[in-house]
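Below: the structure, in structure tokens.
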Amino acid sequence: MFSRASKTPLAEWWWSIDKSLLAALFLLLAFGMILSFPASPPVAERLGYDSWHFVIRHAMFLVPTIVVMVGVSILTPRQARFAALAVLIVSAILLWATLKFATEINGARRWVSFAGQTLQPSEFVKPAFAVISAWLFSESMLRRNVPGRILATLIMLALVVPLLLQPDIGQTALVFSTWAVLLFLSGISWWIIIALALSGGGLLFGAYLVFPHFARRVDAFIDPEGGGNTYQIDRAVESLHEGGWFGRGPGESIAKTRIPDAHADYVFSAAAGEFGIIFCLVLVGLFCFIVVRALLGAQRQASLFPRLAGATLATQIAMQAGINLAVNLNLVPPKGMTLPFVSYGGTSMIAVAFAMGLMLALTRTKPEERMATGLPMYRSAVAPAE
């Protein structure tokens, strides 16, 4: 595509990008587009839209999604850091603005509107916070006089407060977990890790006591016969059983037509009814490949900042996908968490594209900084920061 002798930004991007990781992300986007055809029409018809309403919108979102992912992946680590900082500042302001200006939907204030389009700031907060916190942690590890961990903790608290006030327990857990992952990667003791795990459990119990909607979901999960609303998860599990190993075929699943969010949070269950468990395992395997490939790419980086940031972004996408899959399999209480690049949702797709673009940018090969693989990602093996 480009000559190795060429020094243009596009040529350097092509020869330094992880092409296997990039191809896997495009394949994931293709899966999302394919699954929108059988999953979306029943939902659109139930809501009074044209049958192909969500399919067309999903296809329209693909264009900015690809542009954002590829465009961000061209950035250098330094440029990626500044882009993440800009996004973090803007999205944090909008996050706080939702508490006053957002319209309440199902008891929560999570979306702001611009020119008829809705935006969920918390989706963009997650990857931007991961990168900026990784930079602060790396600076703290390399320079003892830099209070990077303290600053990252303060930023985390400034984001968690409005998320809890919205309220959005799932996104709160992801932001807190991102911070905890960075603490782990930075080489803290196991006693602190155990304390964090216990505090996380304590926070979930506190959320159960404070937020009635969260308590209702937990109660319905623990005691489905107790009168809680389990209609959607019941239909999702029904679709999983209906599909069997090989599925009923495109458009043939009956259970998926009764899942209210078959095109969004429960697209995995809809896919099981149509294409079967084997297809779903392939989809899960693709996510595993993306995460592992990104972790290996981060480990190969010579500078500490891209190593921490790339690994944190990979872990973050794994946690989001894991929560969605666990909900679909009825392993955890229901939570509105999209399956990255597969579920319908413009904000989610573009925010994930931004995250994956950052991950691609931070795991690009840098010949002048090539190092032996297997170098630990903690302070005993740090190199000069980017």
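According to numbering that gives the first Met the number 0, the sequence shown is numbered sequentially starting from 0. We put the CB at the ideal spot given by N, CA and C, even for glycine. Model, not experiment: these values are computed from the prediction.
First through last residue of the beta strand (DSSP E) which encompasses residue i
i	result
V111	111-113
Reduced DSSP secondary structure (H/G/I, E/B, other) of residue i
i	result
T337	coil
Q116	strand
V101	The sequence shown places Ala at residue 101, rather than the Val named in the question. Residue state, collapsed to three classes: coil.
A360	helix
P8	helix
A297	helix
E385	Model confidence at E385 stands at a pLDDT of 43, short of 50, so the residue's coordinates are unreliable; what they give is reported in the following sentence. Coil, per DSSP.
A107	strand
S137	helix
N- and C-terminal bounds of the alpha helix (DSSP H) containing residue i
i	result
T152	147-164
Q315	303-327
H212	211-221
P41	18-45
H52	52-72
L239	230-242
V331	Taken as a continuous stretch (DSSP letters only), V331 belongs to no alpha helix (DSSP H), as it is neither H nor E.
Test item: CB-CB of residue i and residue j under 8 Å
i	j	result
L303	M140	yes
S35	H52	no
P76	L312	no
L330	V71	no
L307	S137	yes
S176	F123	no
G344	A254	no
For residue j and residue i, the rounded distance between their alpha carbons
i	j	result
L359	P339	16 Å
K18	F210	45 Å
F81	L74	10 Å
P37	F220	28 Å
R247	M32	19 Å
T117	T314	27 Å
Q170	L163	9 Å
V54	W190	49 Å
E368	V180	Its pLDDT being 48, under 50, E368 is placed unreliably by the model, and nothing is read from it.
A10	I16	10 Å
A354	F60	16 Å
I349	G309	18 Å
T7	W95	41 Å
W12	A297	17 Å
- Message: Taking contact to mean 3 or more Cβ pairs, one atom from each stretch, closer than 8 Å, check whether the stretch 308-328 and the stretch 18-31 are in contact.
- Response: no
- Message: Taking 8 Å as the cut-off, does the stretch 196-209 touch the stretch 141-153 (at least 3 CB pairs, one atom from each stretch)?
- Response: no
- Query: Is the stretch 238-254 in contact with the stretch 264-281, if contact means three or more CB pairs nearer than 8 Å?
  - Reply: yes
- Query: Three or more beta-carbon pairs under 8 Å between the stretch 267-274 and the stretch 223-238, yes or no?
  - Reply: yes
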